[in-house]
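Residue numbers (the numbering used here): 228 to 320. Contents: one structure, followed by commentary.
As structure tokens, this is what we get:
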């Protein structure tokens, strides 16, 4: 499911809301999650999962084309861990 499909599904399930309002709500939720993670915070949605940021240390990588050693800088990557309810639902429990 992509963002526009999510917006359309929510708008269809809630006919009392305008689609532009649903779009604004969905965008606000995603922006708040992104802003919190950019600030280094963890975002937990009970029953769904938790978004956090993991740090990858600097290392020496290899250019796959030439085999040459290349320094790779330290970076931060998003990480998602599923919640128990989501995991159980996916596994049919």
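Ideal placement from N, C-alpha and C gives every residue a C-beta, glycine not left out. Note that the structure is a prediction, hence the values are computed from the model and not measured.
Roughly how many angstroms lie between the CA atoms of residue 257 and residue 301, to the nearest whole one?
Straight-line measurement puts the Cα of residue 301 at about 25 Å from the Cα of residue 257.
If you draw a straight line from the C-alpha of residue 250 to the C-alpha of residue 270, how long is it?
Distance between the alpha carbons of residue 250 and residue 270 is about 21 Å.
If you draw a straight line from the C-alpha of residue 280 to the C-alpha of residue 298, how long is it?
Computed Cα separation, rounded: 22 Å.
Within its chain, find whatever has a CB closer than 8 Å to the CB of residue 253; leave out the 5 residues flanking it on each side and keep chain order.
These residues qualify, in order along the chain: 230, 233, 234 and 237.
So, with DSSP's three-state summary, where would you put residue 277?
Note: residue 277 maps to strand in three-state DSSP.
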